[in-house]
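Note that the protein sequences, when read in sequence, are chains H and E.
So in full-length UniProt numbering, spot 60 of the first sequence is number 60, and the numbers just go up one at a time.
So in full-length UniProt numbering, spot 234 of the second sequence is number 234, and the numbers just go up one at a time.
Following: one structure in structure tokens, then a few remarks.
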Amino acid sequence: MGRKAVMAVTGIVLLAYVLVHMAANLKAFAGRESIDGYGHFLREFLEPVFGYGGFVWIVRVVLLAAVVLHIAAAVSLTRQARKARPIPYAVKQGGYAARTMRWGGVIIALFVVYHILDLTAGVLNPHGVPGEIHASVVAGFSRWYVVAFYTLAVVSLGFHIRHGMWSALRSLGARTAAQPAALAVAVAITVGFLSVPYAVLLGVIR
Amino acid sequence: MKYTLRVWRQNGPDDRGRLVEYTVDGITPDMSFLEMLDVLNERLLLDGDESIAFDHDCREGICGMCGLMINGTAHGPQKATTTCQLHMREFDPRKPITIEPWRARPFPVVRDLVVDRSALDRVIESGGHVGVHAGAAPDAHAVPVPKPDADRAFAAAACIGCGACVAACPNGSAMLFTAAKAVHLAALPPGQPERGTRALTMVQTQDDLGFGGCTQAGECATACPKEIGTDVIALLNRDVLWKVD
């Protein structure tokens, strides 16, 4: 039972991060200074307390803890579910939530690893200079196969949030949690994230 | 009309079991699904075969005994309907019908399509009742109950314990059943004193019995012949997490 609460709370933490991340990505449309300046601002944020880049590292540690707990709870619940039905049905039915949550989670996890190596560490990015976010984004998304993988991951994320946000609120006891609200958030995040790579691919962002 | 059936046959709890194909003739559109199986069973007996075992009792959709997985859907294709209230007019004779028992580790197969659902009774025993002495029945108007509370309790109490929610759940969870049984008490005055511990104990018992955990996939509510909604699960979760008594 506690695992569902862990799943819900860590999911909400990650969703809050994803929302801020998506909104910040839109700065790419405002030009090089805007998004590179934002990266600089995040590292200077609360500098007197945590030092340069300290705030960013605190956020990273919190996110890592949330991801680890989220996956651990998911693995544990999946194991319990498999054990609860040792003999599968010959004919299977079921809605998309039953089919996509677990695989969607795996796709998102693999994407996050790639994404960090690409745009955070810069190892897999053709530009890859720390702090030069705009140039790295343009260099990365100029390749169609990167955009294709990015699209798959973001669409998976959208489906994950569409069920996950509603499910999390239900798990925490919110009876009136509305599915349309979760759908709206999921669509906003999906469209927001996809806007930047396609703008690069179509030459709107250079 | 003539139908092709693929029916799960299993001689006992330890038999491996398999799907066996049958054709059954002389079916009218107004026959119920169970009457169709009766016709097949009569023919099997006349041919000297073993009849197909399946659970049924009232055949009025209120006892909760019947329950079959029909083409992968608990209680078949018609919404808000138990297997006994389902009619053959819902089925296309050109398409084979696959009939399986409820599948869950806490529901072992007894024979063919009959499963042992007494795990649900264990959940009730662990807390699905009012344990405090409430005295003699008071006058009907002595304890006012707001109409929305009464309606909520009544909607949850419509659960007949058929187990379709467990059968339909991708996780094999009994959460809709457990929530319905906890919430119909939590909505009314006599259920208040043990509300938090009741919720916690019933969910714990459900886990201990080997049911899966709820991921809000919603398949249970779609399958429920009494149309109990997943909102009862949110109410149960609220009592489990936040209600201390």
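Heads up, the beta-carbon is just placed ideally off N, CA and C, and yes, glycines get one too.
Pairing Leu26 (chain H) with Val154 (chain H), the inter-Cα distance amounts to about 15 Å.
Proximity to Gly229 (chain E) across H:Gln93, H:Arg82, H:Ala109, H:Thr176 peaks at H:Thr176, based on C-alpha coordinates. Straight across, the Cα-Cα distance linking Arg99 (chain H) with Val75 (chain H) is about 15 Å.
Bounds of the alpha helix (DSSP H) holding Val185 (chain H) are 179 to 201. Bounds of any beta strand (DSSP E) do not take in Leu77 (chain H); it lies within the alpha helix (DSSP H) bounded by 54 to 84. Listed as beta-bridge partners of Phe211 (chain E) by DSSP are no residues whatsoever.
Closest by C-alpha distance to Trp166 (chain H), out of H:Tyr150, H:Phe149, H:Val185, is H:Val185. Any Cβ of chain E closer than 9 Å to the Cβ of Pro88 (chain H) would place that residue at the interface, and such an atom is present.
Counting other Cβ atoms within 10 Å of its Cβ, Lys2 (chain E) stays below 16 and is therefore classed as exposed.
In the structure shown, Glu21 (chain E) adopts extended strand secondary structure according to DSSP, grouped into three states. Taking 9 Å as the threshold, the shortest C-beta distance from Val91 (chain H) to chain E falls below it. Taken atom to atom, the span from the alpha-carbon of Trp144 (chain H) to that of Glu21 (chain E) is near 51 Å. Using beta-carbon distances, Met22 (chain H) does not count as an interface residue toward chain E, since no partner is under 9 Å. Think of a sphere of 8 Å around the beta carbon of Ala177 (chain H): the chain E residues whose beta carbon falls inside it are Ala234, in chain order. The DSSP-derived three-state label of Thr4 (chain E) is strand. A residue is called buried once 16 or more other Cβ atoms fall within 10 Å of its Cβ, and Lys83 (chain H), having fewer, is exposed. For Arg105 (chain E), the chain H residues whose Cβ falls inside 8 Å of its Cβ are Lys83, Ala84, Arg85, Pro86, in order along the chain.
In the three-state reduction of the DSSP assignment, Thr230 (chain E) falls in the coil class, being assigned neither a helical nor a strand state.
Contact annotation: the stretch 22 to 35 of chain E does not touch the stretch 52 to 67 of chain H, with fewer than three C-beta pairs closer than 8 Å.
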